[in-house]
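Student: In this text, residue positions in the sequence shown follow the working numbering: the first is 1231, and each later residue adds one. One structure, pasted below without further comment.
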Amino acid sequence: MQEHDIRALIEDVRTGTLPRRSFIARLVGAGLTAPMASMLLMHAGIAQAQTALPYKPTKRGGGGTLKVLWWQGPVHLNPHWATGTKEQEGARVFYEPLAGWDKDGNLYPVLAAEIPTRENGGLSADGTAVTWKLKQGVKWHDGQPFTADDVVFNWEFCKDPATAASVVSSYRDIVVTKIDSHTVRVVFQKPTPFWAEPFVGTVGMIIPRHLFKDYMGAKSREAPMNQRPVGTGPYKFLDFKPGDMLRATANENYHIANRPYFDAFEMKGGGDAIGAARAVLQTGEYDYAWNLQVEDEILKRLESGGKGRVTITYGGNIEFILLSYADPWKEIDGERSHANSRHPAFSDKAVREAMGLLIDRKGVQDFIYGRTGEATPNFLNNPPRFKSRNLKFEFNVDKAAQTLEAAGWKKGADGIRAKNGVKLKFVYQTSVNQPRQKTQAIIKDACAKAGVDLELKSVTAAVFFGGDYANPDTYQKFWCDMEMYTTTMTQPDPQVFMEQFCSWEMATKANKWAGRNLSRWRSDEYDATHKAAQVELDPVKRAAMFIKLNDLVCGDGYIQPVVYRPRPSAANTKLVTQLSGWDNDLWALAHWYKEA
1231 MQEHDIRALI EDVRTGTLPR RSFIARLVGA GLTAPMASML LMHAGIAQAQ
1281 TALPYKPTKR GGGGTLKVLW WQGPVHLNPH WATGTKEQEG ARVFYEPLAG
1331 WDKDGNLYPV LAAEIPTREN GGLSADGTAV TWKLKQGVKW HDGQPFTADD
1381 VVFNWEFCKD PATAASVVSS YRDIVVTKID SHTVRVVFQK PTPFWAEPFV
1431 GTVGMIIPRH LFKDYMGAKS REAPMNQRPV GTGPYKFLDF KPGDMLRATA
1481 NENYHIANRP YFDAFEMKGG GDAIGAARAV LQTGEYDYAW NLQVEDEILK
1531 RLESGGKGRV TITYGGNIEF ILLSYADPWK EIDGERSHAN SRHPAFSDKA
1581 VREAMGLLID RKGVQDFIYG RTGEATPNFL NNPPRFKSRN LKFEFNVDKA
1631 AQTLEAAGWK KGADGIRAKN GVKLKFVYQT SVNQPRQKTQ AIIKDACAKA
1681 GVDLELKSVT AAVFFGGDYA NPDTYQKFWC DMEMYTTTMT QPDPQVFMEQ
1731 FCSWEMATKA NKWAGRNLSR WRSDEYDATH KAAQVELDPV KRAAMFIKLN
1781 DLVCGDGYIQ PVVYRPRPSA ANTKLVTQLS GWDNDLWALA HWYKEA
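So, in structure tokens, the structure goes:
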């Protein structure tokens, strides 16, 4: 399907000659996803279909306690510092955005009264402004009213560099003004095709002005509410043991009728993915378990017990390996992995190419992940419209050895290759998790055959993904040669997802390692292309830019994708959830219930 064909179909929808559902079906048949087809219509000023979340209970409460397992438990509950999914999920129990993303990539109003469109005056024709009307009658858990002042405050809080917010890139280049008590206007510096970023989804949770206004900037880490949240969500805070247990009770004044169904909520942290799967699928002790990075053979065996079911939610998550661009063993101005340093071995592209050849992606898929992981050479895999067809992966130990030999990396008496006094001896870290340790072992074995020595390091997940900027073993610091983890794509548009490799996103001591560019990789061409994509209103041209971004970062070899990971979770057979691959698991927690 060509560009002119897509434009013609959009006009048919606009004039009413083609039903919206038929348009989406035709584009899905041409290789796009439903979310991208929906967003094409939004870009063209055609309002989206209103999402309806099924819900049977006719009254609030009565459902007992909802018990969920997050085997990587949150360590704080401030959404604006959440560098990992577990903190986003913990915060989402209490805090809400103006809108979230449903499973089809449609925007769903939460604290907003409606989704902005050109028809309702919410979107400017030139793509430079969006006006949000806020829901009336919403109250914070302490009884104070939610107003436009809270929304404006969150912009001020997040854009302040001294706050060191992980979501700063979503707020620093906009201006937010209060129109009236329940209306705000967001103005962008330039035409912005992906306007549904600030105050939306994982980066959009809103904290209360009246409680945080005295904790701006450098004082933000001192706020008691970082561990004792007061939000607008379906559950109110009871107590919290970081990394272990989070307890909450139903919000009797929640702003949606008959919700929540459950009287109380418990999020248990700790343990591992296999234990979490077993607690839902085999023993039935818990109702839901998140992020089951477990060998598929084990999941199928546990699922056969009949107490729970495995759900595979498709989004854009990717398990990948970072090769450090910076030198993790050298300090500059008191900082390891300083952005101005270069890795002594990976700075040679031949080494990076060899490392790519030594990753048995298909083996990892077939023998570890099964239906929960697909081997890929791409960082950006979904929606399909943005997936590059230009890159291929290959597993070839002999070719890797030949590549290194030709580049002057010779084997020593110990069997390890070296050049100019630099040995191909690397520390390769990840979190403690059985599939990850098996992946490490597969890669270590292949590397040894090629003359590359890997020291495997496994860090407890609570530490590895923790937000403690004083801990040397967090994945944000990346003070080793290689590291592996999954990064999540929480919007159907890849702008935020692909921004993590821009130079302005580097994790540094100055920003308390809150930046998302952990490898410290940089490319002027990448930066320029990403900036161009931010203002390109033509969706077809913009898609080509994101494909180029994927090819630039993956082609340079510092980023080594392993498997594209749909999100596997487990739920009690009677539990009705609302999951989305484009938002947090708990994005619609208020709508969860159990069948009778």
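We put the beta carbon where it would ideally sit given N, CA and C, even for glycine.
Does the distance from the CB of V1726 to the CB of S1399 come in under 9 angstroms?
Tutor: Contact flag set, yes.
Student: Ignoring anything shorter than 4 residues, give me the alpha helix (DSSP H) runs that lie fully in the region 1353-1396, in order along the chain.
Tutor: List check, alpha helix (DSSP H) in window: 1378-1389.
Student: Ordered along the chain, which non-local residues of its own chain (more than five positions away) have a Cβ less than 6 angstroms from that of A1274?
Tutor: Here the set comprises I1240.
Student: Does the beta-carbon distance from A1321 to S1396 come in below 9 angstroms?
Tutor: Not a contact, by the Cβ cut-off of 9 angstroms.
Student: Just the Cα atoms here: how many angstroms apart are L1782 and T1718?
Tutor: Cα to Cα, the separation comes out at about 20 angstroms.
Student: In terms of residue numbering, what span does the alpha helix (DSSP H) encompassing T1669 cover?
Tutor: Q1664 to A1680 is the extent of the alpha helix (DSSP H) around T1669.
Student: Specify whether the region 1752-1759 and the region 1410-1421 touch according to this definition: at least 3 beta carbon pairs, one from each stretch, less than 8 angstroms apart.
Tutor: The answer is no - the region 1410-1421 does not touch the region 1752-1759, with fewer than three Cβ pairs under 8 angstroms.
Student: Helix, strand or coil for K1286, going by three-state DSSP, please let me know.
Tutor: K1286 falls in the coil class under three-state DSSP.
Student: CA-CA distance, G1586 and T1690?
Tutor: Going by the C-alpha atoms only, they are around 26 angstroms apart.
Student: Quick one: grab the DSSP three-state call for D1683.
Tutor: D1683: strand per DSSP, three-state reduction.
Student: Using the DSSP secondary-structure output, state which residues sit across from F1467 in a beta bridge.
Tutor: Note: F1467 sits in a beta bridge opposite A1478.
Student: Distance, Cα to Cα, E1527 vs L1248?
Tutor: Whole-angstrom Cα-Cα distance: 45 angstroms.
Student: Who are K1640's beta bridge partners in DSSP?
Tutor: According to DSSP, K1640 bridges with A1648.
Student: Taking G1330 as the reference, which of M1775, A1826, T1720 and A1800 has the closest Cα?
Tutor: The shortest C-alpha separation from G1330 is found at T1720.
Student: Which whole-angstrom value describes the C-beta separation of I1504 and A1820, a residue pair presumed to lie in contact below a C-beta threshold of 8 angstroms?
Tutor: I1504 to A1820, Cβ: 30 angstroms. No contact.
Student: Which runs of the alpha helix (DSSP H) fall wholly inside the region 1506-1575 and span at least 4 residues, in chain order?
Tutor: Fully enclosed alpha helix (DSSP H) runs of 4 or longer: 1526-1533.
Student: Helix, strand or coil: how does DSSP classify N1747 here?
Tutor: Strand, per DSSP.
Student: Note the first and the last residue of the continuous beta strand (DSSP E) segment covering A1800.
Tutor: Start and end: R1797 to N1802.
Student: Span of the beta strand (DSSP E) holding R1415?
Tutor: Residues T1413 to F1418.
Student: Using only alpha-carbon positions, find the residue among T1543, D1332, L1299 and A1630 that is nearest to A1509.
Tutor: Looking at the Cα atoms, L1299 is the closest of the given residues.
Student: Starting from A1342, follow its DSSP beta bridges and name the residues at the other end.
Tutor: Beta-bridge pairing links A1342 to L1364.
Student: If you run the structure through DSSP and keep just helix, strand and coil, what is M1775?
Tutor: Helix, per DSSP.
Student: Roughly how many angstroms separate the alpha carbons of I1436 and R1290, rounded to a whole number?
Tutor: Going by the C-alpha atoms only, they are around 24 angstroms apart.
Student: Is it the case that the region 1432-1452 contacts the region 1350-1364, given that we only count it when at least three CB pairs across the two stretches are under 8 angstroms?
Tutor: The region 1350-1364 is not in contact with the region 1432-1452.
Student: So P1791 and N1608 are supposed to be a Cβ contact under 8 angstroms. How far apart are they, rounded?
Tutor: That belief holds up - the Cβ atoms of P1791 and N1608 are roughly 6 angstroms apart, short of 8 angstroms.
Student: Can you name the start and end residues of the beta strand (DSSP E) that M1712 belongs to?
Tutor: It spans M1712 to T1717 - the beta strand (DSSP E) in which M1712 sits, taken as one unbroken run.
Student: Between V1430 and A1692, how many whole angstroms is the CB-CB distance? I'm expecting something under 8 angstroms.
Tutor: Contact doesn't hold; Cβ gap of about 29 angstroms is too wide.
Student: Taking 8 angstroms as the threshold, find out whether the region 1578-1592 comes into contact with the region 1611-1626 through three or more Cβ pairs.
Tutor: The region 1578-1592 vs the region 1611-1626: in contact.
Student: Cβ atoms of C1732 and F1656: under 9 angstroms apart, would you say?
Tutor: Not a contact, by the Cβ cut-off of 9 angstroms.
Student: Which residue comes first and which comes last in the alpha helix (DSSP H) that contains D1757?
Tutor: D1754 to V1765 is the span of the alpha helix (DSSP H), which, as asked, contains D1757.
Student: Who are M1736's beta bridge partners in DSSP?
Tutor: Answer by DSSP bridge pairing, in chain order: N1747.
Student: For M1728, which three-state DSSP category applies?
Tutor: Correct three-state label for M1728: helix.
Student: Looking only at its chain, what residues have a beta carbon closer than 7 angstroms to the beta carbon of A1762, apart from the 5 residues adjacent to it on each side?
Tutor: Once the five neighbours on either side are set aside, the close Cβ partners of A1762 are M1775.
Student: Measuring CB to CB, does N1796 end up less than 9 angstroms from T1543?
Tutor: Asn is not the amino acid found at residue 1796; the sequence shown has Pro there. Yes, Cβ-Cβ distance for P1796 and T1543 is below 9 angstroms.
Student: For T1580, which of helix, strand or coil comes out of DSSP?
Tutor: The question names Thr, but residue 1580 in the sequence shown is Ala. Residue state, collapsed to three classes: helix.
Student: Kindly identify the DSSP beta-bridge partner or partners of Q1790.
Tutor: Answer is I1551, bridged to Q1790.
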